[in-house]
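Its first residue numbered 1, the sequence shown is counted upward by one per residue in the UniProt record's numbering.
Glycine included, C-beta positions come from ideal geometry on N, C-alpha and C.
From a predicted model like this one, the values you see are computed outputs, not experimental measurements.
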Amino acid sequence: MARSISYITGSQLLSLKRRPNIAIIDVRDDERSYDGHIAGSLHYASDSFSDKISNLVQQVKGKDTLVFHCALSQVRGPSCARKLVNYLEDVKDDAGIKNVMVLERGFNGWEASGRPVCRCNKVPCNGENASGVS
Ligand SMILES: [Zn+2]
């Protein structure tokens, strides 16, 4: 069950985001609390990611596409995506997850392109407070 990780651009994600079968996984650490986030994204900080992979797999039940990102999606995002893929291979159960992706340029690129940023404090974010960059 070799699985590759592909990249997705912000504009591709924006059009896919409305689909119910996609989950966005934010693996930034403290930055999420003060920089805002992509509406509806789940938060699994990279520093505790390995311990929480099984929780994540539970939480995304029914989703077939996971999109990981960190601030720039250069280190933490891709490495957490890889950890998830390795985990699914280890347990020999893909949990219905078909696509594992990384958001190009991460949250910073998303925000810099003027895409909607949510600044709610809800856990999990319900994605209803998205607004333009303030
Ligand atoms: Zn939110």
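Distances between the C-beta of Lys122 and the heavy atoms of ligand 1 include at least one below 8 Å.
The Cβ-Cβ distance between Val57 and Ala95 falls below 9 Å. Selection Asn121, Leu72, Gly106 evaluated against Ser33 yields Asn121 as nearest (Cα-Cα). Residues Asp26, Arg32 of the same chain have their beta carbon placed closer than 6 Å to that of His43, with the five preceding and five following residues left out of the count. Annotation note: the region 18–86 contains the following uninterrupted beta strand (DSSP E) runs of length 3 or greater, listed N- to C-terminal: 22–26, 65–69.
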